[in-house]
Amino acid sequence: MRVIRCESGGAVCREGTDRVFALLKKRPDAILGMATGNTMVPFYAEWVRRFRVEGVSFRRISTFNLDEYVGLPASHPASFRSFLAEYLYSKVDIDLSSTHVLDGCAKDLGAEGRRYEEEIRKAGGIDLQLLGIGQNGHIGFNEPGSPLDGRAHVVELAASTIAASRSAFPKGEEVPRQAVTIGVATILEARSILLLATGASKAEAIVAMVEGPQTAGCPASALQRHPNTTVLLDAPAARLLKR
Ligand code: GLP
């Protein structure tokens, strides 16, 4: 795991975009694993800004989202499908038919998870998996307790995750209590992984991920066993790291 401390949240986004765009220049048909959440908003804004000036094309890439809320239709404004459409897909030249999501409204969510992971395999696997991290060390929606060798599954969201997600939902609307996510083992199959974390609220999760034991108590700690993971941090997120 390579850990890089950047001078600001803006620098995290710029460094991350450098890496994504270098891949797109080398492999215009790259397969990207997409993350959502507040950390990704300025990151994707940087992609859009650079897309307009650098002429990198998204036309041939394919994408797979990490996760989705259970019971939320793709058309709901807080769905992760809508998130990507709003912050990225509507602003670049991506082919929407190559953007894949888990269906949180599927009747049989177990079968939906298996279908989705099979689709990732058939596509040839993820070249670059983007990740944020939850305050409790979750990746995707693999909450603490999720097995480190786990596949796609339905998860009960932690109270802290529900609280952190509230701002994305219309006022008065409840955040779903469950989500469907690809598993930690599936994330680890990506050929490269890029995790971004900014802000002091992530510091404890970051130190557990980087310096703690590999344990289901902090699903992100499994990234220690991945051969090609880069972590980009701002100073507040990195502040508890000893090494
Ligand atoms: C959600 C997503 C995760 C993301 C996390 C962090 O829980 N499922 O993929 O990493 O939020 O979000 P934020 O960047 O808003 O802190």
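In terms of the working numbering, the sequence shown opens at residue 138 and continues consecutively.
All C-beta atoms, glycine included, are put in the ideal place defined by N, C-alpha and C.
- In this chain, the alpha helix (DSSP H) harbouring M177 covers M177 to E191.
- Within its own chain, the residues whose Cβ lies closer than 7 Å to the Cβ of A340, once the five positions on either side in sequence are excluded, are P373, A374, R376 and L377, listed in chain order.
- Short of 8 Å from the beta carbon of L294, and not among the five residues preceding or following it, lie these beta carbons of its own chain, in chain order: F278, E280, S302, V312, P313, R314, Q315 and A316.
- Each of V344, A345 and A289 was checked against the Cα of D245, and the nearest Cα belongs to A289.
- Within the same chain, V149, E152, L369, L370 and D371 come within 7 Å of C143 by CB-CB distance, once the 5 residues on both sides are set aside.
- The nearest non-hydrogen atom of the ligand GLP is less than 7 Å from the C-beta of H275.
- Relative to I276, the option among I324, E255 and E256 whose CA is nearest is I324.
- The shortest CA-to-CA distance from G336 to any of G146, V190, V140 and I141 is the one to G146.
- A distance criterion of 7 Å places the beta-carbon of T176 in contact range of the ligand GLP, judged by its closest non-hydrogen atom.
- Under the DSSP assignment, S219 falls in the alpha helix (DSSP H) whose first and last residues are F217 to Y224.
- The Cβ-Cβ distance between L268 and L169 does not fall below 8 Å.
- In the structure shown, the three-state DSSP call for Q272 is coil.
- Between P214 and P307, the beta carbon gap of about 7 Å places them in contact (Cβ cut-off 8 Å).
- For I299, the CB contacts under 6 Å within the same chain, skipping 5 residues up- and downstream, are V312 in chain order.
- Distances from the CA of S283 to each of I257, N202 and G354 were compared; the closest alpha carbon is that of G354.
- One alpha carbon belongs to K379, the other to G349, and they sit about 11 Å apart.
- When the five nearest sequence neighbours on each side are left out, the beta carbons in the same chain lying within less than 6 Å of the beta carbon of T367 are those of R139 and L331, in order along the chain.
- Residue environment analysis places V344 among the buried positions, since at least 16 neighbouring C-beta atoms fall within 10 angstroms of its C-beta.
- Comparing C-alpha distances from S234 to each of L161, F195 and V347 shows the shortest one belongs to F195.
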